[in-house]
Amino acid sequence: MAWLGHSILQFVKQRHFKIGKRLLSTIALTLFLTLSVGIPSVAAGDWSGESNPGAYRFNVGTFKVATISDGLLKVPPLPIYAPIADPEDVKRAMIERFWSADELFLYFNALYIDTGAHKVLIDTGAGVELGAGLAKLTRNLRSVGVQPQDIDTVILTHAHPDHIGGIVATDGRLTFPNAKYYISDAEWQFWTAPTIDLSSLKIPDPFKQGIIAAARKHLGAIGNQINRFQPDQEIIPGITSIAAAGHTPGQAAFRITSDQTQLIVTADVFFNEALDLEHPEWQTGFDFNPQQAAATRRRLLQQIVADRTMVIAYHMPFPALGHVRSQGDHYQWEPVQWEFTP
Ligand SMILES: [Zn+2]
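Below, the structure is given as structure tokens:
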């Protein structure tokens, strides 16, 4: 939270707005609330707060699996989430979905897998550093009867703060103290190098500094427990990596397989339906190599469409499970039917 709030303030200052300090603080605070907390649409004290579930149990073959929400971030879509698109096209795409044109909902969904031999978490959520609407992962994990110390395997898709920010808890200790950590070799090499060059990202410099600081902090804390994998490597029985570079230099997707059933973990290959499924050529400002990210998006989506495999996509609406179909040169999301016991 701190770095993002600070980053936005710095961003406003850098634009050399000739305004008083007090007004500057107000603007920064408003931006900060809008970006990272989301202004509640209803007054406090009503029933919106904690009443909705944050964990969704299902099975993949014999594996017991659950989507575990870390929370929701409401962000302006422009310019960061479609930096090369015509703003009017972005507005239209949002409104066609009956969404507010100014507010993109970014859901944060980790995946818990009990393979029988291992209790696995894929990605750790954002921790407390990206806003008060997040850091719900451990609470929601407990709601399905799993304690953080039960997790023996943490597999990371990539090292952006919204995926690794839960590694170190607020008290400085590891949130999952008994876990071995796994990350792709390319991703580890990039983020632990003496110099990290994020000049290709279309985001303000303070955001880049925040991303680098988060990588140094959270990856730095697990240096002794880290295991690196290559594309197409079986990490533990039933979980295999899939190359998905572009968004970051070593991003990985995963194939979960049990008893002839599969689930693909798509990481940040796509973020939402209106922008990058409808317009897979659009980028996000967070893409390290936008051309490679777009090529990866098409390659993985084509495979998913052809195989009719169910996917979990980190930033899609909870529980983030669905299928993808193609129509012409774009894609559509079909959420799974929510199976529940009322
Ligand atoms: Zn992400």
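Going left to right, the sequence shown walks through residues 498 to 839 as my numbering numbers them. We put the beta carbon where it would ideally sit given N, CA and C, even for glycine.
Item: With burial defined as no fewer than 16 other Cβ atoms inside 10 Å of the residue's Cβ, what is the status of S597: buried or exposed?; Value: exposed
Item: Nearest CA to the CA of G630: which residue from L570, V651, I664 and R589?; Value: L570
Item: Which residues, in chain order, sit with a beta-carbon under 5 Å away from any heavy atom of ligand 1?; Value: D659 and D765
Item: Check each candidate in V562, G622, K705 and F768 and name the one with the smallest Cα separation from G642.; Value: V562
Item: Helix, strand or coil: how does DSSP classify Q730 here?; Value: coil
Item: Any chance you could list the alpha helix (DSSP H) runs of at least 4 consecutive residues sitting entirely within the region 670–730, in chain order?; Value: 682–688 and 702–717
Item: Is DSSP giving P746 helix, strand or coil here?; Value: coil
Item: Assuming I619 and I652 make a contact with CB atoms under 8 Å, what is their CB distance in whole Å?; Value: 5 Å
Item: Give me the Cα-Cα distance between A590 and E775, rounded to the nearest whole angstrom.; Value: 8 Å
Item: Rounded to whole angstroms, what's the CA-CA distance from L760 to P674? Just pull it up for me.; Value: 27 Å
Item: Could you give the C-beta distance for G663 and G707, rounded to a whole number, given that I count them as a contact under 8 Å?; Value: Their Cβ separation, rounded to whole angstroms, is 16 Å, which puts G663 and G707 out of contact at 8 Å.
Item: By alpha-carbon positions, which one of G717, Q686, I801 and F687 ends up nearest to G669?; Value: G717
Item: Measure the C-alpha to C-alpha separation of F767 and D682 and round it to an integer number of angstroms.; Value: 22 Å
Item: Among the residues of its own chain, which have a CB less than 6 Å from the CB of N786, if the five just before and after it don't count?; Value: G743
Item: Apart from the five residues just before and just after I723, which ones in its own chain have a Cβ nearer than 6 Å to its Cβ?; Value: Y678
Item: Have a look at I801 and S823 and give me their C-alpha separation to the nearest angstrom.; Value: 10 Å
Item: Should F605 go down as buried or exposed, given a rule of 16 or more other Cβ atoms within 10 Å for buried?; Value: buried
Item: Taking A790 as the reference, which of T806, V625, Q757 and D773 has the closest Cα?; Value: D773
Item: From the DSSP secondary-structure annotation, give me the bridge partner or partners of M807.; Value: L760
Item: According to the neighbour-count rule (16 or more other Cβ atoms, all chains shown, within 10 Å of its Cβ), is T667 buried or exposed?; Value: exposed
Item: Output the distance between the C-alpha atoms of R796 and N549, rounded to the nearest integer angstrom.; Value: 35 Å
Item: On the premise that L818 lies in contact with I809, defined as a C-beta separation below 8 Å, what is that separation, rounded to the nearest angstrom?; Value: 5 Å
Item: Leaving out five residues on either side along the sequence, give the residues of the same chain with a beta carbon under 6 Å from the beta carbon of K699.; Value: P580 and G782
Item: By how many angstroms is the C-alpha of D826 removed from the C-alpha of K588?; Value: 20 Å
Item: Who are the Cβ neighbours of Q829 in its own chain at under 6 Å, not counting the five residues just before and after it?; Value: R822
Item: Contact defined as beta carbons within less than 8 Å: I believe V557 pairs with S755. What is the distance between those atoms, to the nearest angstrom?; Value: 5 Å
Item: Label W835 either buried or exposed according to how many other C-beta atoms from any shown protein chain fall within 10 Å of its C-beta, with 16 as the threshold for buried.; Value: exposed
Item: Rounded to whole angstroms, how far is the Cβ of E626 from the Cβ of P658, which I believe are closer than 8 Å?; Value: 6 Å
Item: Alpha carbon to alpha carbon, how far is P467 from R594?; Value: The chain is shown only over 498 to 839; residue 467 falls outside these bounds and no answer can be derived.
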